[in-house]
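Quick note on UniProt numbering: the sequence shown kicks off at 1 and runs consecutively.
Presented below is the structure to which this report refers.
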Amino acid sequence: MNAVFGTYLNYTDFSADFQSQNFMTNTTSPALAALTPDGAVHLNEADFQQPDWKRAFYGANYDRLDAVKAKYDHLNRFYALGAVGSDR
């Protein structure tokens, strides 16, 4: 199953945006995850608040990718929200 879902942005009431984002994270995403066990997400389309982002974005590959990053980027010069090692 492939699905893309989102919310509208409210350019005058940013608190409404936070409510929509939290609804996606805490209600919509868990409901879809229940329908697709062991599903995954595309990082560019992901929820930036994804609670289990390591598994959702990278699956079983995360530990290996983290070791590669530690070896070649031990100064953490390459950073992105949700990227391998971004929680350090």
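Backbone N, C-alpha and C define an ideal beta-carbon position, used for all residues, glycine too.
Note that the structure is predicted; figures quoted are calculated from it, not measured.
{"query": "For the pair the stretch 67-77 and the stretch 31-51, tell me if three or more CB-CB distances fall below 8 Å.", "result": "no"}
{"query": "Cβ atoms of Tyr-62 and Lys-71: under 8 Å apart, would you say?", "result": "no"}
{"query": "Rank Asn-76, Thr-28, Asp-38, Gly-59 by C-alpha distance to the C-alpha of Gln-49 and give the top, closest one.", "result": "Thr-28"}
{"query": "Could you name the residues of the same chain whose beta carbon sits closer than 8 Å to that of Gly-6, not counting the 5 residues immediately before and after it, in chain order?", "result": "Met-24"}
{"query": "Taking the alpha helix (DSSP H) that Arg-55 falls in, what are its first and last residues?", "result": "53-58"}
{"query": "For the alpha helix (DSSP H) that Leu-32 lies in, which residues bound it at each end?", "result": "29-35"}
{"query": "Nearest-angstrom Cα distance between Gly-85 and Asp-52?", "result": "14 Å"}
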